[in-house]
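Remember, my numbering sits 78 above the position in the sequence shown when you count from 1. We treat Cβ as the ideally placed atom computed from N, Cα and C, and that holds for glycine. Please read the structure below before turning to the comments.
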Amino acid sequence: MVYTSGISEIEGKLSTGFTLNEINGTVLLTNDQGKILDQATYENLPNGYVMAYQDERYIAQPFVSPGYANDPEGVEAFNASLDLPDGLIINEAMNNNTKYLPHNGAQTYDWIELFNNSSKTISLSEYTLTTSQNTPSLYPLPDIQLAPGEYYVLMASGETSLSTTSFKHTNFKLSDVESIYLYHQGKVSDTAFLAEVPINFSYARSSKGGFTYSSQPTPRAKNIDGEAMVSALPKTKLAAGVYDDVNVLTVALDTFGKTYYTLDGSKPNSNSRVYTSPLTITQTTVVRAITIENDKVPSAVATYSYVVNENHSLPVLSVAMNPSEFSALQKNPWVIGTEYASHVELFENGEGFAIDCGFQLFGGSTRGLAKKSFELNFRSEYGPGMLHYQVFDTRDFSIFNKLVLRSGSQDYDAAFFRDILSSEIMEDSETVEVQAYKSIILYINGKYWGVYDIREKVDEYFVSTHYNVDKNTANVVRADWDVSAGSLSGIYGIVSYANTHDLSVSANYQHILDRLDIESYIDFWVAETFVTNNDIINTRYISSSQYDGGKWHMVFYDLDYAWYNYYRDYFEFMVKPEGMSDFKVSTVLMRNLMKNDDFRRAFLERLQLNLAGIWSEENVSAKIETMYTLLKPEMARDSARWGFTMESWEKEVQRIRDYTSVRTRYLLDQAKAFFGLSNNEFEDYFGDFV
């Protein structure tokens, strides 16, 4: 073994007069003539990793065995050569925990276990923990006496305020690749390096020496030995993606050890096909592979989607999951909340993302339709707890905990784009929130599934990202008082007040204005009035105590069942005493606000403003043509997949065009009647439209 210490001579050891670059470099082995006998090149090698020679090549890995073979036996032998420190030691840690030590309402956190490996009681307050040697006193341990042979567990959540009587939380988190340092009186007394720890495995001290990857974590108890190494993830030399105008793809897997693979989306196991040579692919296929070796933890499952000769004009989203689980979702649509593991890849203009996540059905009554909507949940039990990618060009944020794959719902076999058309128009509103969208082509386990829209989900994260506030301050309430996040009390209190107070009185009206953004409320109902939405149950109210003084705002949402009845008097619909639609959605707030002259004037003024702006025939027509141009190249195949025709689609698009050409005239006639406007008053508000 040779030490690259920068010191020419170290007694009893071979040492070089140079050191290695911490990130990139090449090490050459030459003879005394200068002839190169071997070389190893490393690039962006993480601190704590080594380049190990295996199977006639070098591989970056966190399993070290200097002086021993680069295999499980060698790693175990090296670990056995290490002395176990006396005193307080780092005994076990988890940096991908979703099962163990739940508290604070069944929440789970990463954790570090300390152990008193001495015959004396230890005062923890003499020690500190950190993940950086630059900040040795990052987390001073609590003033606790730890008896010989006792364990102490700390939760590495990064938020000390989460501490409870039973669980103390540190002010740092654990990353996927992390060093933990235990300091005593200013000096490092123990360390642990965590890397490639599978979800719900721990990195635990072994009875044989060193650490192992344990499939049975034992917080506050004796460790159970695991394996010294984790098999390397199978990699591909041909990047996953979209390949058009090709005859055949050859997919070679770069593997170490025995690798198994599937082509149907299922997770491979030891019963799957054994990889022996490059795969020949001539059609859209999902390749999933795993390496399983003796005396190692199996690798994670690698997933690579190849979209071959499909010639799409839209981005492509590929979902891979066990076919039997996807079939179970399809066959049991009314079982709410069933979720299965999946892998999702987005391909767009040479960019995109690939991530493990949860996959479930999305929606209400539309679950019974042939073309169903889905929800992607980015949970730590599958992989990263969040998706970090700017999915939508219209959003200045790039973090998502959930995404919806919307099928078009009731509109899937009609025009498909009624909902996103509505959102596209209201995107220019400064008062009403909408979900962003990205139209894509969906493949599930390599099979074409049609045109879909990726949408934001309206929840606490929606409020957090749109208003740049803490998600824990968010409130999201539906018109039937179903609470998606936060509390019902604020908006329910507004409606209750309106029901019991005369809003024609200025002071009472002001009470509402102090709590409800009235422009958002009016603009929302102007939009609903224009599109004559038949599915009003999904009216959403949102607020945050950290935004606009906590006032409630509106979300324009779920418009698949709109744009049909251009002649409908929506003003009368909004104030029906018995409630709107079959769901009897309350009209209490609108009916009582209409008693106030200031509100009525404000409604008419904003109606005029919107009809001259974002809801003008010119603007709406332009948006329709944008949708038409975007989707037309893909609708022939989608219609064939879902049982309608291009002719029927063209007719539905024309229906929306025709609706737009006459809706303003009908709406204004209805406004004149509903508000009881004289000819002169009507001229004052809407003279430009006459």
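| query | result |
| --- | --- |
| Other residues of its chain near tyrosine 178: CB distance less than 7 angstroms, five sequence neighbours each side excluded | Met172, Thr186, Pro295 and Pro297 |
| Closest residue to leucine 689 among Ala749, Tyr217, Glu134 and Ser280 (Cα-Cα distance) | Ala749 |
| Assigned exposure category for threonine 97 - 16 Cβ within 10 Å defines buried | exposed |
| Proline 276 versus glutamate 305 - alpha carbon distance | 12 angstroms |
| Counted within 10 angstroms of its Cβ, other Cβ atoms place glutamine 263 as buried (16 or more) or exposed | exposed |
| Closest Cα partner of threonine 248 within the set Ile258, Leu272, Tyr217 and Gln139 | Tyr217 |
| Cβ pair proline 33, isoleucine 519 closer than 9 angstroms | Limits of the chain in this structure are 79 at one end and 768 at the other, which puts residue 33 out of reach. |
| Start-to-end residues for the beta strand (DSSP E) that takes in glutamine 117 | 114-120 |
| C-alpha distance - aspartate 322 paired with alanine 552, whole-angstrom precision | 45 angstroms |
| Which listed residue (Leu92, Gly126, Glu89 and Lys113) has its alpha carbon closest to that of glutamate 100 | Gly126 |
| Rounded straight-line distance, which links the Cα of alanine 138 to that of asparagine 122 | 10 angstroms |
| beta-carbon glycine 103 near the ligand SAM non-hydrogen atom, thresh 8 angstroms | The ligand SAM is not among the ligands present in this structure, which contains no ligands whatsoever. |
| Three or more C-beta pairs below 8 angstroms linking the region 526-534 and the region 474-489 | yes |
| As assigned by DSSP and simplified to three states, the class of histidine 544 | helix |
| Continuous beta strand (DSSP E) stretch holding arginine 366: start and end | 363-369 |
| Residue closest to glycine 524, alpha-carbon to alpha-carbon, out of Val320, Leu581 and Val541 | Val320 |
| CB-CB length for lysine 449 against glycine 528, believed under 8 angstroms | 6 angstroms |
| Pairwise C-alpha distance: aspartate 506 and arginine 733 | 24 angstroms |
| Delimiting residues of the beta strand (DSSP E) encompassing glutamine 132 | 128-132 |
| Closest residue to tyrosine 353 among Glu274, Thr369, Asp548 and Thr363 (Cα-Cα distance) | Thr369 |
| Coarse secondary structure for proline 356, derived from DSSP in three states | coil |
| Residues sharing a beta bridge with methionine 724, DSSP | DSSP output for methionine 724 lists no bridge partner at all. |
| Coil, strand or helix - histidine 421 by DSSP | strand |
| Span of the beta strand (DSSP E) around isoleucine 532 | 525-533 |
| Inter-residue Cα distance where the pair is asparagine 550 and glutamate 759 | 47 angstroms |
| Bridge partners - proline 312, DSSP secondary structure assignment | Partner(s): none; proline 312 has no beta bridge. |
| Tyrosine 539 to alanine 398 span [Cα, whole Å] | 26 angstroms |
| Neighbourhood of aspartate 268 by C-beta distance below 6 angstroms, restricted to the same chain and skipping five residues each side | Pro163, Ile167, Ile168 and Leu260 |
| Tyrosine 81 burial status per 10 Å Cβ neighbour count (16 or more: buried) | exposed |
| Assumed close pair leucine 252, leucine 224 - CB separation to whole angstroms, cut-off 8 angstroms | Leucine 252 to leucine 224, Cβ: 21 angstroms. No contact. |
| Bridge partners - histidine 262, DSSP secondary structure assignment | Tyr205 and Lys265 |
| Residues of its chain near valine 255, where Cβ-Cβ distance is below 6 angstroms and the 5 sequence neighbours each way are ignored | Pro124 and Ala273 |
| 6 angstroms Cβ shell around glutamate 459 - same chain, five flanking residues per side excluded | Thr176 |
| 8 angstroms CB neighbourhood of proline 655 in its chain, flanking five on each side removed | Thr665 and Arg669 |
| Paired residues, beta bridge with isoleucine 477 - DSSP | His466 |
| Residues that DSSP places opposite methionine 668 in a beta bridge | None, per the DSSP bridge assignment. |
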